[in-house]
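Visitor: According to this note's numbering, the sequence shown is numbered sequentially starting from 902. Glycine included, every Cβ here is placed at the ideal spot set by N, Cα and C. Submitted below is the structure of interest, expressed as structure tokens.
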Amino acid sequence: MFTKKRIYKGIDYMFNLNLLKKEFLQGKSGLKSIWVIVLVLIFLENKLTTEGVYFYIIFSSVYIFSYTSDAMDNIYKGNYIINSLPVNRHEVVISKYLNRVLITFIFTILCQVISYILKGFEVNPLNFKVAISIIVFITLINSINYLVYFLANPKVSQITTRILYPGIFGGCFGFLSESSQLSISCIINFFTNYLIILLVVIIFIISMSVSLILYPNRDL
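Right, here's the structure in full:
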């Protein structure tokens, strides 16, 4: 008989729910900054395609959420705290990777739902294919970022995050502008290709596996 208690116990056996909750609570504190991004995008609306606007909203939300959580770990010395708690470093790695996957899906689904609600106000909704391409792209970036996060020291990982995400934010502008509709179609088709999706999943698994192997032996 599967009771609620047994289900929670089974889930907690696979990964630490408290660590997962910690990631959500820490990241949530930075979400108010998203409104600044939304205001900027309103001013740039005429220069960006609909796909570009949705990409920037979701990508910025994931970045702000992730950066806030990671920064708080660094400020409050989260890496040192885990040594005094009944958790191990494998659980820390799994909670980080899993949390980033979950928030990417949550922000994408939320954006899609809101866009369909606003459809009556002449807002083009976020279609499924574009949503998938955004999820795949962000998963690829997170795979690279968190491999560095767990293998390098905190200062190096912070510098990488500050360069990687804002660099993509600025670099993608040319591809997502109204004048490059052909480029957008190619990008969407590329990241929704089954082989590319499979490749990104493999990269994500390799990234997490390497982090699981090497992070427990890293000096904090």
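Bridge partners for leucine 1100 per DSSP, in chain order?
Guide: Its beta-bridge partners do not exist; DSSP assigns none.
Visitor: Check whether the stretch 920 to 938 touches the stretch 1029 to 1046, counting contact only when three or more Cβ pairs, one atom from each stretch, lie closer than 8 Å.
Guide: no
Visitor: Below 8 Å, how does it come out for the stretch 992 to 1003 and the stretch 952 to 962: are there three or more Cβ pairs, yes or no?
Guide: Output reads no: the stretch 952 to 962 does not touch the stretch 992 to 1003.
Visitor: Evaluate contact between the stretch 1098 to 1111 and the stretch 963 to 977, counting only Cβ atoms and requiring at least three cross-stretch pairs below 8 Å.
Guide: no
Visitor: Which of helix, strand or coil does DSSP assign to leucine 949?
Guide: strand
Visitor: Comparing C-alpha positions only, which one of Pro1117, Ile1010, Lys1056 and Ile1035 sits nearest to isoleucine 1069?
Guide: Ile1035
Visitor: For serine 1016 and lysine 1056, what's the separation of their Cα atoms in angstroms?
Guide: 38 Å
Visitor: Mind listing, in chain order, the continuous alpha helix (DSSP H) runs of no fewer than 4 residues lying wholly within the stretch 985 to 1042?
Guide: 990 to 1018
Visitor: Would you identify the three-state DSSP class for cysteine 1087, choosing helix, strand or coil?
Guide: helix
Visitor: Inspect the beta-carbon positions of tyrosine 1047 and arginine 1001 and report whether they are closer than 8 Å.
Guide: In contact: tyrosine 1047 and arginine 1001 (Cβ atoms closer than 8 Å).
Visitor: I'd like to check one pair, glycine 928 with isoleucine 1045: are the Cβ atoms closer than 8 Å?
Guide: no
Visitor: Looking only at its chain, what residues have a beta carbon closer than 7 Å to the beta carbon of asparagine 1043, apart from the 5 residues adjacent to it on each side?
Guide: Same-chain partners within the cutoff: Arg1001.
Visitor: Below 8 Å between beta carbons: does that hold for isoleucine 965 and serine 934?
Guide: yes
Visitor: Could you tell me whether the Cβ atoms of isoleucine 1097 and glutamate 952 are closer together than 8 Å?
Guide: no
Visitor: What are the start and end residues of the alpha helix (DSSP H) that includes leucine 918?
Guide: Unbroken alpha helix (DSSP H) run through leucine 918: 918 to 929.
Visitor: Relative to the alpha-carbon of leucine 918, which residue among Ile938, Asn989 and Leu932 has its alpha-carbon at the smallest distance?
Guide: Asn989
Visitor: For isoleucine 938, collect the residues of the same chain with a Cβ closer than 6 Å to its Cβ; drop the 5 residues on either side in sequence, then sort them by chain order.
Guide: Ser961
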